[in-house]
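Chains as they are written, first to last, in my numbering: chain E, -2 to 206; chain H, 4 to 564.
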């Protein structure tokens, strides 16, 4: 059974449903270069301790000739020309890691809404950068299509992911997406404005003293 | 104080339900230790040395009598009949059972309380001045803004999993009592030249392993923008703060590494997009929340009371208590009272359930049913009539809550330390107790005068040792417990970080070391000088020389912590 949760778009339905995953995620091949540790270099904080993608990895990434697929940001940028017709026909989405920069994506793809799907991959569930990335994609860059959380995605973060603008969640393979559905409704009336409901509680309700 | 409406109540009720299910899944093996960890931490539950520790939120230190009665009942029913008030103005239970925490939370929810975000890598309890709303030197009562920020920060989705903990303090006085410079964000409210409420914003302060005082990121921020400006700061931090090393993950490290100018540029660039976004605070909301903190219905009483004056004149013990534990009030005929949780020889900040009931009753009878927790770990009755002070003193004294030592050497700020905390390198409570017993002479304590002694059992600095006039830090050296001493730290507007006087000491040596520091002060002080003034005038050298004279020098090369 699919482990993908997709938010429903109309209020007459339940919050979300289990949906088939129609997208193939393209992975980078493993790197032979040792991970570069960049601790202490301020400008590279976002990369601290994380691997950077090598040219070899990008060149070696295998992209099947047909079908809907989500390619890594680095591959999308480097091989965009070759993918152009498929991008235009809506067959290509992009995924990025939490340490990657949205500015890199936008620089290479000014109109994000050409992409039918963007996925943010979270390596460890406790990495809260994913929430800021989702928020920025929706509010700063005006992205309107499917925004998917992938990787170490667990039910106890779903409520926050939803509020940060994510519309689908690929639950970690060893966990039940069916069980996870329940956590999307943990809180009925959140206090602060966020992506899914921009108005804070004090402008939504006339609160009595 | 703030009273919940149905929206607030629903949120804490739903939290109880959510956390109960998370606990159930953990106990059923559906959540791993690692997965459950941030969930329980963000609900204040630590796994400690002997048992779990549950930290209950006391937002900006405000409690009602009803709440304190409930807390007392909880310590009796689910713990060992006492609780520990912390330097974050919260209450900690040292012995709850993990399985019972959901039930405790359900009980707390019945009195509008919770343990939300009292730990974990998220925005923590917002703290402020314990004399908020009643201090004569107050410019702005910070509590309405603190409550608005509490609501905004509760389950803020974008900041649910930050690189590290995030502490905000607010203050509305000229004389800072909330240590705003030692917080990730500090906000000082003031009235600007146009007569409007404005905020001076500090960022990147913090104690812990790397003590740094905050830098001013904005001299003037209009109050409406408090939330969106914080969002800009925390977004930059969330995206760029280090996540590879927990010891370098606080915002202060990022601010220091980038430099305040570059950090400010990034924040301002972010804020350009967020300014005037829906989270901008409305006039109506500030008014609504402000109504919860309106002035108490004070009686129109004389500024002086003959009975009170007579009691002062005839009863030296009462006079001593008034001198140390009674504070000025903006309302004529009223005073604020600090009930000392620092009796000599007891763990600082601890209160038994019986004491909590007593304080709750005192608050109900004499102080409009409200009280506060101070970051110095004492309890405050904020609105007591002068004519009631004697009665309050007698009752407090009978309950062991009237040690006249507020602001004196034995009013020690102290974390739970190695007796309870699994992070600690060394015990802190026995050190506090030993020092209190060394100086167990009230006349002598009064002669030494104003001084702050702070103890932390490890470099996480829960006991705020860096800003103690005397700071004591527990360190581990090859498995044994040693204590490093700093002097010259200070909280307040002229905050400073203390300087280490030299190599560490064993526990047994500590009362003697503090004695020697005091001896130097008593010998060198001028008539007007407090301990901190003498240290600032003379520097560390004379203190160091006296402390490390011959009888201690044999030990000095054993530890260089």
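All C-beta atoms in this analysis are idealised placements derived from N, C-alpha and C, irrespective of residue type, glycine included. In this text, all values refer to a predicted model and were calculated from it rather than measured experimentally.
query	result
Around the Cβ of residue 319(H), are there at least 16 other Cβ atoms within 10 angstroms (buried) or fewer (exposed)?	exposed
Restricting to Cα atoms, I'd like to know which of 86(E), 135(E), 149(E) and 141(E) is closest to residue 94(E).	149(E)
Quick one: using the 10 Å Cβ neighbour count with 16 as the cut-off for buried, is residue 248(H) buried or exposed?	exposed
Whose C-beta lies closer than 6 angstroms to the C-beta of residue 212(H) among residues of the same chain, with five residues either side of it excluded?	250 and 462
Per DSSP, residue 85(H) is paired with what?	355(H)
Run the CB neighbour count on residue 53(H), radius 10 Å, all protein chains shown included, and call it buried at 16 or more, exposed below.	exposed
Looking at the C-beta of residue 155(H), does it have a partner C-beta in chain E at a distance below 9 angstroms?	yes
On the CB-based measure, 16 or more other CB atoms within 10 Å of its CB, does residue 384(H) come out buried or exposed?	buried
Report the partner residues of residue 487(H) according to the DSSP bridge assignment.	476(H)
Taking DSSP's pairing of strands, which residues face residue 28(E) in a bridge?	DSSP lists no partner for residue 28(E).
Using C-beta distances below 7 angstroms, list every residue in its chain close to residue 493(H), excluding the 5 sequence neighbours before and after it, in chain order.	470, 472, 499 and 535
Mind listing the chain E neighbours of residue 41(H)? Cutoff is C-beta to C-beta under 7 angstroms, in chain order.	123
If I measure Cβ to Cβ from residue 178(E) and keep anything under 7 angstroms in the same chain, skipping five residues before and after, which residues do I get?	2 and 13
What do you get for residue -2(E), buried or exposed, if any count of 16 or more other CB atoms within 10 angstroms of its CB means buried?	exposed
Does the Cβ-Cβ distance between residue 149(H) and residue 45(H) come in under 9 angstroms?	no
If contact is defined by three or more beta carbon pairs under 8 angstroms, each pair taking one atom from either stretch, is the segment 370 to 382 of chain H in contact with the segment 433 to 452 of chain H?	no
Can you give me the C-alpha to C-alpha distance between residue 168(H) and residue 398(H), rounded to a whole angstrom?	40 angstroms
Excluding the 5 residues preceding and the 5 following residue 40(E) in the sequence, name in chain order all residues of the same chain whose CB lies nearer than 8 angstroms to its CB.	No answer about residue 40(E) holds up, because its pLDDT of 40 lies below 50 and its placement is not dependable.
Which whole-angstrom value describes the C-beta separation of residue 396(H) and residue 405(H), a residue pair presumed to lie in contact below a C-beta threshold of 8 angstroms?	6 angstroms
Would residue 21(H) count as contacting chain E if we go by Cβ distances under 9 angstroms?	yes
At 4 residues or longer, and completely inside the segment 38 to 81 of chain H: list those alpha helix (DSSP H) runs for me, N to C.	68 to 81
Quick one, which of 33(H), 126(H), 390(H) and 542(H) has its alpha-carbon nearest residue 313(H)'s?	390(H)
Excluding the 5 residues preceding and the 5 following residue 142(E) in the sequence, name in chain order all residues of the same chain whose CB lies nearer than 7 angstroms to its CB.	110, 112, 113 and 114
Excluding sequence positions up to five away, which residues of its chain have a Cβ less than 6 angstroms from the Cβ of residue 109(H)?	19
Do the CB positions of residue 217(H) and residue 255(H) come within less than 9 angstroms of each other?	yes
Taking only the alpha-carbon atoms, compute the straight-line gap between residue 2(H) and residue 241(H) and give it to the nearest angstrom.	This structure cannot speak to residue 2(H), because chain H is shown only from 4 to 564.
Against residue 145(E), what residues of chain H qualify as contacts under a CB-to-CB distance less than 8 angstroms, listed in chain order?	Under the 8 angstroms cutoff, chain H gives no residues; its nearest Cβ is about 17 angstroms from residue 145(E).
Relative to chain H, which residues along the segment 55 to 86 of chain E have a C-beta separation below 8 angstroms, given in chain order?	none
So for residue 373(H), helix, strand or coil by DSSP?	strand
I need the straight-line Cα distance from residue 200(E) to residue 239(H), nearest angstrom please.	26 angstroms
By DSSP's criteria, residue 118(E) is part of a beta bridge. Which residues make up the other side?	94(E) and 147(E)
Excluding the five sequence neighbours on either side, which residues of its own chain have a C-beta within less than 7 angstroms of the C-beta of residue 442(H), listed in chain order?	412, 413 and 448
Evaluate residue 468(H) with the Cβ neighbour count: other Cβ atoms within 10 Å of its Cβ, from every protein chain shown; 16 or more gives buried, anything less gives exposed.	buried
For residue 39(E), decide whether its Cβ has a neighbour in chain H, counting only Cβ atoms nearer than 9 angstroms.	In this prediction, residue 39(E) scores a pLDDT of 36, lower than 50, which makes its location untrustworthy; no coordinate-derived value is stated.
Residue 103(H): which of 78(H), 14(H), 94(H) and 89(H) sits nearest, CA to CA?	78(H)
Flag residue 175(E) as yes if its beta-carbon sits less than 9 angstroms from any beta-carbon of chain H, otherwise no.	no
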